[in-house]
Amino acid sequence: MYPFVQSTPFGKVKIYRNEEANRTRYIVAWLDPDNGRQRKAYDDEVQAHQRAEELVDDLQKGVSFRNNITATKAVRIAELESALAEHGATLSDAVKHYLLHLDSKKAKQVDVLEVVNQYLDRMEDKTGRHYETACCVLKKFGRSFNKSLSDVSVTEIDNYIKGISSKGRTRNNHLRYIKILFKHAQEWGGFLPEGQTAASKINKYNEDAVAVEVFSPAEIRKLLEAGGNLMPYLAVGAFAGVRCSEIQRLKWEDFDFESNTIRMDAGVTKTKRRRLAVMPDNLVAWLNSYTGTKKGPIVLQPNRLAAHIQQLCKKTKVAWKPNALRKSFISYRMAQPDAEAALVAKQCGNSPAMVEEHYKGLVSPKVAEEWFSLNPTTNT
């Protein structure tokens, strides 16, 4: 039976059986038009014969294709391959690119604003700041393009974002939401073909260094002592580094005064990941000094929060600094001798790299000690 030979008008494929010590191997041999004689060894006889049949089929197809290529076609193919080679591409690359182009044309033609509305409808949490920002950013984007989402180009998105602001941080905030929209349109709506979307091809814009503004110990004391019902909100932000939006979702029941921790479930945190925030002694003291009702939400009338803060600042003559409660905590905490970026980042739900880059070395250890020594007494 062996050697087994399959002969065709296009070539031969042979199978040899090789008897070794306690082992039998089957060698498939054939002549490759491009690479010369080839051999492949198999331990399994069936696999060897399957491979031989595949090779015979490939020979038949290859000869059939060659028979259909005229001299004119061969010259044209060579010209195309040469032209593509100048750009580091192959004929196969060109075909794949063109097929992808055809797929994009087949994508559902849906106006940008309609896709925006569908995405916003799918969002589960429609009460948080994330939803409000998404509405503001994406509806403006949708109204700016009176065309199908699949027809919006990279250049058009880039020009649109650059027209929004000259600040890199603002541009990147808009770009992040637009990328999420395009991903949704591709994965959930089927409005875009597979592969990179126009939005995903845009890299982050350069951002200028942002000055970190913090409250001084004297300023935070004035705010806390005059804060009234706002005091717990201010204290948790200043001494635990919890985001303003997260504090507004906290309840007194989330505070464990036995372990001095704040339990922050996924529905509370911005990242949707559960975490524990440790309460330093002075934060516990401030919260214990609060004489209001310690049940339910920490922040009363959250829809009036901005107005109450404005009134408090006017009363204390302390200028409000956006997000400065959290920035103050991170800055002062990083100035303490035992501070580790990883632990501070874990407390705040941030990244160690961000903490190191933006908050380390901004304040002195002496002032940091004063900050975390502030207690609800008459004076420091």
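The numbering used here puts the first residue of the sequence shown at 4, with every later residue one more than the last. For glycine and all other residues, C-beta sits at the position ideal for the given N, C-alpha and C.
Residue i - partner residues in DSSP beta bridges
i      : result
Met267 : Arg278
Thr11  : Gly14
Lys207 : According to DSSP, Lys207 bridges with nothing at all.
Thr27  : Glu22
Gly39  : Asp35
Gln61  : In the sequence on display, residue 61 carries Asp and not Gln. According to DSSP, which records beta bridges pairwise, Asp61 is partnered with nothing at all.
Asp259 : Thr264
Lys254 : Pro300
Asp114 : Ser151
Ala44  : Ile30
Nearest residue (CA-CA) to residue i, options the options
i      : options                        : result
Phe148 : Tyr29, Ser169, Arg132, Ile181  : Ile181
Leu83  : Leu94, Arg179, Thr73           : Leu94
Pro196 : Ala77, Ser153, Ser203, Ala202  : Ser153
Thr274 : Ile80, Arg54, Glu249           : Glu249
Met234 : Asn291, Lys129, Arg42          : Asn291
Arg40  : Leu303, Gly14, Tyr362, Pro340  : Gly14
Val8   : Ala344, Ala51, Arg26, Gly230   : Ala51
Leu309 : Pro340, Trp323, Lys298         : Before going on, a small fix: residue 309 reads as Ala here, not Leu. Nearest option by C-alpha distance: Trp323.
Leu227 : Val321, Arg179, Tyr45          : Val321
Met4   : Glu48, Leu253, Glu23           : Glu48
Lys298 : Ala338, Trp289, Trp255         : Trp255
Gly295 : Leu87, Arg42, Gly231, Pro6     : Gly231
His311 : Ala229, Ile265, Lys43, Ala92   : Ala229
Asp191 : Arg125, Lys99, Val215, Glu373  : The question names Asp, but residue 191 is Trp in the sequence shown. With distances taken between Cα atoms, Trp191 lies closest to Arg125.
Gln199 : Ala269, His100, Glu127         : His100
Ile160 : Ser203, Glu372, His187, Ala137 : Ser203
Cys138 : Glu127, Arg146, Leu123, Thr130 : Leu123
Asp128 : Ala269, Arg307, Pro340         : Ala269
Glu372 : Ala77, Glu23, His133, Ala338   : Ala338
Beta-carbon separation (whole angstroms), residue i vs residue j, contact threshold 8 Å
i      : j      : result
Arg208 : Gly171 : Note that residue 208 is Tyr in the sequence shown here, rather than Arg. Going by Cβ atoms, the distance from Tyr208 to Gly171 rounds to 4 Å, so yes, they are a contact pair.
Gln251 : Pro325 : Incorrect: roughly 15 Å between the Cβ atoms, too far for contact.
Val157 : Ala201 : 5 Å
Val302 : Tyr236 : 5 Å
Val358 : Val347 : 5 Å
Ala342 : Arg336 : 6 Å
Ser151 : Gln189 : Actually they do not touch by this definition, with Cβ atoms about 14 Å apart.
Met267 : Asp257 : 7 Å
Glu210 : Asn175 : 7 Å
Leu286 : Val271 : The pair is not a contact, with the Cβ atoms about 17 Å apart (cut-off 8 Å).
Val115 : Val155 : 6 Å
Leu178 : Ile205 : 6 Å
Phe194 : Tyr163 : The Cβ separation is near 18 Å, so there is no contact.
Leu62  : Thr11  : 6 Å
Lys43  : Arg54  : 7 Å
Test: residue i CB closer than 8 Å to a CB of chain B
i     : result
Ala77 : The structure shown contains no chain B; it is built from a single protein chain.
For this session: Answer yes if the segment 364–380 comes into contact with the segment 212–223, meaning at least three C-beta pairs across the two stretches below 8 Å, and no otherwise.
Result: yes
For this session: Taking only runs that begin and end inside the segment 276–340, name each unbroken alpha helix (DSSP H) of 4 or more residues, in chain order.
Result: 284–291, 308–319, 327–337
For this session: Report yes or no: do three or more beta-carbon pairs, one from the segment 363–371 and one from the segment 328–348, lie closer than 8 Å?
Result: yes
For this session: Kindly confirm or deny that the segment 243–250 and the segment 348–358 touch, where touching means at least three C-beta pairs closer than 8 Å.
Result: yes
Problem set entry | In chain order, each alpha helix (DSSP H) run of at least 4 residues that lies wholly inside the segment 76–109 | 94–109
Problem set entry | Uninterrupted beta strand (DSSP E) stretches inside the segment 118–155 (no shorter than 3 residues) | none
Exercise. Do three or more CB pairs link the segment 31–44 to the segment 13–22 at distances below 8 Å?
Worked result: yes
Exercise. Do the segment 268–288 and the segment 311–319 meet, that is, are 3 or more Cβ pairs less than 8 Å apart?
Worked result: no
Exercise. Is there contact here, the segment 73–88 with the segment 114–134, by at least three beta-carbon pairs under 8 Å?
Worked result: no
For this session: Could I get the ranges of all uninterrupted alpha helix (DSSP H) runs contained in the segment 344–380, with 4 residues as the minimum, in chain order?
Result: 344–351, 355–362, 368–374
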